[in-house]
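Heads up, the thing below is written out as structure tokens.
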Amino acid sequence: MKYIWFLILVIAFFSSCQTDNAEGDFVVGSDYLSISNKVIMIDTLTVNVSTINLDSLITSNQSRILIGNYTDPILGIVKSESYMKLTPDNFYIGSSESDTQTVTYVFDSIAMILKYDRYYYGDTTKTQTINIHQLTQKVKPNTDDTNFYNISSLTYDSKSIGTKTFHPKPIGKDSINIQIDANFGKNLFNKLYNNEITDANEFEDLFKGIVIKPSTTSSSNMIGFKTSSVLRLYYKKNNSDSENSLTKDFSLTDLTKQFNNISLDRTGTIIENLPDSKNKLSSELTNNNAFIQSGTGLACRIDFPFIKQLKYISEKGIIVDAELVIKPNRSSISNLFPIKDSLQVYECDNLNRISKVLTNSDGSQKLALLNATPDEFNENIGYKVNIGAFLHQEMLKTTGAKSNLILAFPNISKGVNRIILGNQKNAENKLKLKIYYISY
Amino acid sequence: MKNKIWFVLFFASQSVGLYAQSVATSPYSIYGLGSLFETDFGPISALGSSGIALPSTSFINNLNPASLGFIGKHSFFFDTGLKGTETNYKSENSSEKRNNFQFSHIAIAFPLNSKSGVSASLKPYSSASYVISNFQLPISNSNEFYNLNAASYGGLNTFDLSYGYKIQKGITFGLTTSFYFGSITNNKDFTIANSITNINKKSFYSGMRVTLGNQIKIDSTFNIGLTLKIPSQITGSKTQSVTTINDTETQYIEDNVASNVDDYYLPFEFGVGLSKSIHKNFNLTLDYEKSLWKNTNQNSVYGEFKNQDKFALGLSYLKKEQSFYYLDKIRYYSGFNYDTGFLSINNKNVNNMRFSLGVGIPIESTKSALNINYSYGIKGTVGNQLVKENYHMIGINLSLEAIWFVKRKYD
Numbered sequence: 001m002k003y004i005w006f007l008i009l010v011i012a013f014f015s016s017c018q019t020d021n022a023e024g025d026f027v028v029g030s031d032y033l034s035i036s037n038k039v040i041m042i043d044t045l046t047v048n049v050s051t052i053n054l055d056s057l058i059t060s061n062q063s064r065i066l067i068g069n070y071t072d073p074i075l076g077i078v079k080s081e082s083y084m085k086l087t088p089d090n091f092y093i094g095s096s097e098s099d100t101q102t103v104t105y106v107f108d109s110i111a112m113i114l115k116y117d118r119y120y121y122g123d124t125t126k127t128q129t130i131n132i133h134q135l136t137q138k139v140k141p142n143t144d145d146t147n148f149y150n151i152s153s154l155t156y157d158s159k160s161i162g163t164k165t166f167h168p169k170p171i172g173k174d175s176i177n178i179q180i181d182a183n184f185g186k187n188l189f190n191k192l193y194n195n196e197i198t199d200a201n202e203f204e205d206l207f208k209g210i211v212i213k214p215s216t217t218s219s220s221n222m223i224g225f226k227t228s229s230v231l232r233l234y235y236k237k238n239n240s241d242s243e244n245s246l247t248k249d250f251s252l253t254d255l256t257k258q259f260n261n262i263s264l265d266r267t268g269t270i271i272e273n274l275p276d277s278k279n280k281l282s283s284e285l286t287n288n289n290a291f292i293q294s295g296t297g298l299a300c301r302i303d304f305p306f307i308k309q310l311k312y313i314s315e316k317g318i319i320v321d322a323e324l325v326i327k328p329n330r331s332s333i334s335n336l337f338p339i340k341d342s343l344q345v346y347e348c349d350n351l352n353r354i355s356k357v358l359t360n361s362d363g364s365q366k367l368a369l370l371n372a373t374p375d376e377f378n379e380n381i382g383y384k385v386n387i388g389a390f391l392h393q394e395m396l397k398t399t400g401a402k403s404n405l406i407l408a409f410p411n412i413s414k415g416v417n418r419i420i421l422g423n424q425k426n427a428e429n430k431l432k433l434k435i436y437y438i439s440y
Numbered sequence: 441m442k443n444k445i446w447f448v449l450f451f452a453s454q455s456v457g458l459y460a461q462s463v464a465t466s467p468y469s470i471y472g473l474g475s476l477f478e479t480d481f482g483p484i485s486a487l488g489s490s491g492i493a494l495p496s497t498s499f500i501n502n503l504n505p506a507s508l509g510f511i512g513k514h515s516f517f518f519d520t521g522l523k524g525t526e527t528n529y530k531s532e533n534s535s536e537k538r539n540n541f542q543f544s545h546i547a548i549a550f551p552l553n554s555k556s557g558v559s560a561s562l563k564p565y566s567s568a569s570y571v572i573s574n575f576q577l578p579i580s581n582s583n584e585f586y587n588l589n590a591a592s593y594g595g596l597n598t599f600d601l602s603y604g605y606k607i608q609k610g611i612t613f614g615l616t617t618s619f620y621f622g623s624i625t626n627n628k629d630f631t632i633a634n635s636i637t638n639i640n641k642k643s644f645y646s647g648m649r650v651t652l653g654n655q656i657k658i659d660s661t662f663n664i665g666l667t668l669k670i671p672s673q674i675t676g677s678k679t680q681s682v683t684t685i686n687d688t689e690t691q692y693i694e695d696n697v698a699s700n701v702d703d704y705y706l707p708f709e710f711g712v713g714l715s716k717s718i719h720k721n722f723n724l725t726l727d728y729e730k731s732l733w734k735n736t737n738q739n740s741v742y743g744e745f746k747n748q749d750k751f752a753l754g755l756s757y758l759k760k761e762q763s764f765y766y767l768d769k770i771r772y773y774s775g776f777n778y779d780t781g782f783l784s785i786n787n788k789n790v791n792n793m794r795f796s797l798g799v800g801i802p803i804e805s806t807k808s809a810l811n812i813n814y815s816y817g818i819k820g821t822v823g824n825q826l827v828k829e830n831y832h833m834i835g836i837n838l839s840l841e842a843i844w845f846v847k848r849k850y851d
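So the sequences go chain by chain: V and S. For the first sequence, this note's numbering assigns the number 1 to the initial residue and increments by one for each residue that follows. For the second sequence, this note's numbering assigns the number 441 to the initial residue and increments by one for each residue that follows.
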């Protein structure tokens, strides 16, 4: 029986040095490998594209004074006017409340200094005329609200206190000066000079703020200004020959008290019949195009009406990835109306109520990115976004309403950039959706 | 003595439990329940796996339970072995060498009385070990591709209980009940567009099958045998986890969700064999076996199956069983085996052919022997996306006979 012991030793030895290397370079039957897990691509799912009108973009606290008026050849007349409350640091003239020099000061002039923030849209070679009016209503949101919207407005004195026609130089120059009515300035100076105003409430009763409006007749562009723009009052010593005037600034100390009213007059355009904010205008009614315009609230909604059908491909399956490529109408893009290199993607319900912003795995906002720069026009230009996780969730939904996507430019409340996007039936700028599916 | 045997059995069964599940890494292991692990006891491997007609008089014949009816009434057999394989894989573009060395089986057999005997054995049935790296596969309905990385390990074992009975002189019948059990773990990563999906599946299988056998001793030099394997099914269940990662998020689609897997069907098989002594020193064995895999209507997840034909031929030589010279008692074996295979891949059968040589070195004065065999074989072909495997196989097994019951009689 001693052989048994020998054998045990042999077994133990070989068991311990059992080798099994497997590089995996040899595969037989690739067709077979696809049987238990089918991987397919679906590019025929119907995608409905429409234009919607988001009516309540918050335009207060956006750090931009947006003023302008231009006619978009496709969408209509775009106009933005900016309302703001301006306040001084203190309520006296001179270097301090007890400045002994104060009695010697006299009013000189007053001007609105608007500082360019480099944003512009439209034709800046054309002049813009702006008018400044005094508000007759305090800059205060409606009760139970802290925001102003693109549709908000306040009453103002029809008499302008300042006007200027200028060639906008948003890149070349720092600011423009608009001379303000001297009587208005003098009145403001005197009230402070005479200590008739000593606190913010008294000041606001006297001067509620201004609205800067573009002239509706001449301008053809939209210009952004910084919220560090000021209303500057110049004064100097009486009988002084000194050229050096002293200044007192009225500034935007509270950015929630500044907003832009941005409007679009669609009369006579292809989107004249855009319904209210709870409805949509199918792209099939607008030459297979959908429209996005920041500021005025035009956005592109994308519906996937038959997404649940994909559930029947196999008993169990996952949409692992989906690539949506939506193409801008190339003829609508020009140097005057450039497009941005990304689109923000939101999830919404059937009444266009946004429930969330789509995000990436690192928590950053998911953007549909333009895969070519505008000056390198080619066939492949388009905004690309991966929406696999969203579609998977939609496919599996058994209860609850369907969700849709909304595409809009980032900073939707700040500018007026627009874009025209093709749907699945648009021959030239066809929307493409590729869904990657695996059964398990 | 008896305690020692049980100790060895215990030890060896532990080894089986630990090592039987990693047998080979054949590319063909993706099919069915893995590549079948063919192991035979005693000198059968060296005889080209022929021996349906051989009696279990000097070793345990695993091919036919009816052979146990011929077991000597005082014999106790113990058989265990090792198998080493070096395989050269060759496809149209490249080749690669892999090797594997492992425990192959353990078995015992003993008579119940002068007319019947029983045996029990444990051995690997299949190996589902394979690795697939960075394999490109087409995405249906597109001209794009996805990338597959896969690793699988595990396989099935069988535990056989056999009984053989001699109904009259020279005629025996036998029955084997085989229990199949094991698990296969399969991990796949699919890189599809900008996503990676991981599917981790652990499948558990169990099943039972009955084999009937018959042997007839026509005369002292000529035996015939017959086996019938009853079709049966191996039922499975699995737990599966599915995760998919894309740029948006990691989605846990399934986490260890249990479900059934499609049953695997074992076909009806029948085999016939003969054994003929020639000139006293030589013995010729010849087997034919047919497996009706096609009729199993196997689910396509296991592959496409064809009916299988197996031909086995063996020749052994012994100078003298009782001799003064040790060298005279050494047995020499040679064999040939051809098998059409039961898998059809891209309409090509994966056939297998092998030649074997072996020696049986007698131990002590019993029928115990150390059997060493070497085989060279070719499986599959190059082309049609198939892989050709050229393999060298060495098997060592120890077939021990102890004379028990005689001793007990005189205690």
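Heads up, the beta-carbon is just placed ideally off N, CA and C, and yes, glycines get one too.
Chain V has no Cβ within less than 8 Å of the Cβ of S:ILE843.
Straight through space, the alpha carbons of S:SER544 and S:GLU526 are spaced by roughly 15 Å.
When the Cα atoms are used, S:LEU732 and S:GLN576 turn out to be separated by approximately 34 Å.
Annotation: V:GLU196 to V:LEU188 spans about 10 Å, alpha carbon to alpha carbon. Taking a C-beta distance under 8 Å as the contact criterion, S:ALA506 and S:GLY653 qualify as a contact pair. Boundaries of the alpha helix (DSSP H) around V:HIS392: 388 to 396.
In the three-state reduction of the DSSP assignment, S:TYR471 falls in the coil class, being assigned neither a helical nor a strand state.
A contact between stretches requires three or more CB pairs, one per stretch, nearer than 8 Å, and the segment 250 to 264 of chain V fails this requirement with the segment 28 to 40 of chain V.
In this model, V:ASN201 and V:GLY209 are separated by some 13 Å (Cα to Cα). Proximity of V:TYR312 to chain S, defined by a Cβ-Cβ separation below 8 Å, is not satisfied.
Straight-line spacing of the CA atoms in S:GLU709 and S:ASN737 works out to 15 Å. Your pair S:ASN638 and S:ASP687 does not check out as a contact, with CB atoms roughly 16 Å apart and the cut at 8 Å.
Against chain S, the CB of V:ALA389 has a partner CB under 8 Å away; the residue lies at that interface. Listed along chain V are VAL28, each with a C-beta nearer than 7 Å to that of S:LEU826. Taking one beta carbon from each stretch, the segment 600 to 611 of chain S and the segment 512 to 523 of chain S have fewer than 3 pairs nearer than 8 Å; the two do not touch.
Under the three-state reduction of DSSP, S:ALA633 is assigned to coil, being neither helix nor strand.
With fewer than 16 other beta carbons inside 10 angstroms of its own, S:ALA698 counts as exposed. Secondary-structure assignment with DSSP links V:TYR119 through no beta bridge to anything. Listed along chain S, the residues sitting closer than 8 Å to V:VAL39 by beta-carbon distance are LEU577, ILE579, SER580, TYR586, PHE630, ILE632.
Residue pairing by DSSP places V:ILE65 opposite V:PHE225 in a beta bridge. Burial state of V:VAL345 is buried, judged by a 10 Å Cβ sphere holding 16 or more other Cβ atoms. At a cut-off of 8 Å, the C-beta of V:VAL320 has a neighbouring C-beta in chain S. Secondary structure of S:TYR570 (DSSP, three-state): strand. Just so you know, the alpha carbons of S:THR690 and V:ILE74 end up roughly 42 Å apart.
Neighbours of S:TYR529 in chain V, taken as residues at a C-beta separation under 7 Å, are given in chain order as PHE26. Taking C-beta atoms as the reference points, S:SER646 and S:THR675 count as a pair closer than 8 Å. Contact holds between the segment 613 to 622 of chain S and the segment 587 to 601 of chain S, because three or more Cβ pairs, one in each stretch, are under 8 Å apart. Neighbours of S:THR637 across chain V, judged by C-beta separation under 7 Å: ILE318, VAL320, ILE438.
Shown here for V:TYR120: same chain residues with a beta carbon closer than 7 Å to its own, the five before and five after excluded, namely PRO168, PRO170, ASN221, MET222, ILE223, GLY224 in chain order. Cβ proximity to chain V below 7 Å picks out SER740, VAL741, GLY743 from the segment 736 to 757 of chain S. A direct Cα-Cα distance of roughly 6 Å separates V:GLU347 from V:SER355.
Along the segment 759 to 787 of chain S, the positions whose C-beta sits under 7 Å from a C-beta of chain V are ILE785, ASN786, read in chain order. Under the criterion of beta carbons closer than 8 Å, V:PHE304 and V:LEU358 do not qualify as touching, at roughly 14 Å.
Chain V has no Cβ within less than 8 Å of the Cβ of S:GLU729. The DSSP-derived three-state label of V:ASN244 is coil. Contact annotation: the segment 171 to 183 of chain V does not touch the segment 145 to 156 of chain V, with fewer than three C-beta pairs closer than 8 Å.
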